[in-house]
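S.K.:
Numbering (the numbering used here), first residue to last: 99 to 310.
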């Protein structure tokens, strides 16, 4: 059995997914959300909490970099859930994306999703700078560049001051959790058929990839 979300398997999803199409069922979609929650918690949020340590303050050297690296990976995953698209490295088809698409996925999330859009939507260059100076620099070099600094000392998610762009890692995480909660609430609103269809496509793609 191939597990895709905690103890939930590909077979579990395939048994559920047919009941998610058509008329909205609160109980069936409540179960679908458990797939989402277990996957996000197991692969992103729980590891981050372990790195953060008790009280969310871990003085371990490099903890902030590790946390923000996972959060940046999570952002791209959340945007693909919203769109209902899955990665395919060669010849991507409908509802698939290939190499070279990460920047748009990442920056679109920052510019369109609350609470981040309030920091990024009015500055056309800030999201691109974040992508290069935080996301890419962390993934490739385990450091920041382009004037970005990560700390837990400011009172906003992002502060631009004296030529520096300061990211508060704990508020950054809190903002992502806020988005996740809003996203789950939207999925449970009966009128949001398109968003739920995207969710189904995403998990169908996850199952397809797991079988390869």
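Even glycine gets a Cβ: it sits at the ideal position worked out from N, Cα and C.
#1: If you scan the segment 186-229 from start to end, which runs of the alpha helix (DSSP H) of 4 or more residues do you find wholly inside it?
#2: In angstroms with no decimal places, state the Cα-to-Cα distance between residue 101 and residue 235.
#3: Between residue 104 and residue 136, which are expected to be in contact by the criterion C-beta below 8 Å, what is the C-beta distance as a whole number of angstroms?
#4: With H, G and I counted as helix, E and B as strand and the rest as coil, what does DSSP make of residue 144?
#5: Looking at C-alpha atoms only, which residue of 171, 216 and 260 is the closest neighbour of residue 229?
#6: Quick one: what does DSSP say residue 161 is sitting in, helix, strand or coil?
#7: Under 8 Å Cβ to Cβ from residue 309, same chain only, skipping five residues before and after it: list those, please.
#8: Between which two residues does the alpha helix (DSSP H) containing residue 240 stretch?
#9: On the three-state DSSP scale, how would you describe residue 258?
#10: Would the segment 288-302 and the segment 241-252 be scored as touching if the rule is three or more Cβ pairs under 8 Å?
#11: Can you say whether residue 275 is buried or exposed, counting buried as having 16 or more other CB atoms within 10 angstroms of its CB?
#12: Can you check DSSP and say which residues form a bridge with residue 103?
#13: Using CA coordinates, which residue listed in 241, 200, 238 and 240 is at the minimum distance from residue 225?
M.R.: The relevant details are as follows:
#1: Correct list: 200-210, 215-218 and 224-228.
#2: For residue 101 and residue 235, the distance between alpha carbons rounds to 31 Å.
#3: The beta-carbon distance between residue 104 and residue 136, rounded to whole angstroms, is 3 Å. This is short enough to meet the 8 Å contact definition.
#4: The three-state secondary structure of residue 144, taken from DSSP, is helix.
#5: With distances taken between Cα atoms, residue 229 lies closest to 171.
#6: Annotated three-state conformation of residue 161 is helix, per DSSP.
#7: Counting only Cβ-Cβ distances below 8 Å, and skipping sequence neighbours, we find 100 and 108.
#8: Residue 240 -> no alpha helix (DSSP H), and no H or E assigned at all.
#9: Residue state, collapsed to three classes: strand.
#10: Segments in contact, no.
#11: For residue 275, the number of other beta carbons within 10 angstroms of its own is below 16, and it is reported as exposed.
#12: Its beta-bridge partners are 106.
#13: Ranking 241, 200, 238 and 240 by Cα distance to residue 225 puts 200 first.
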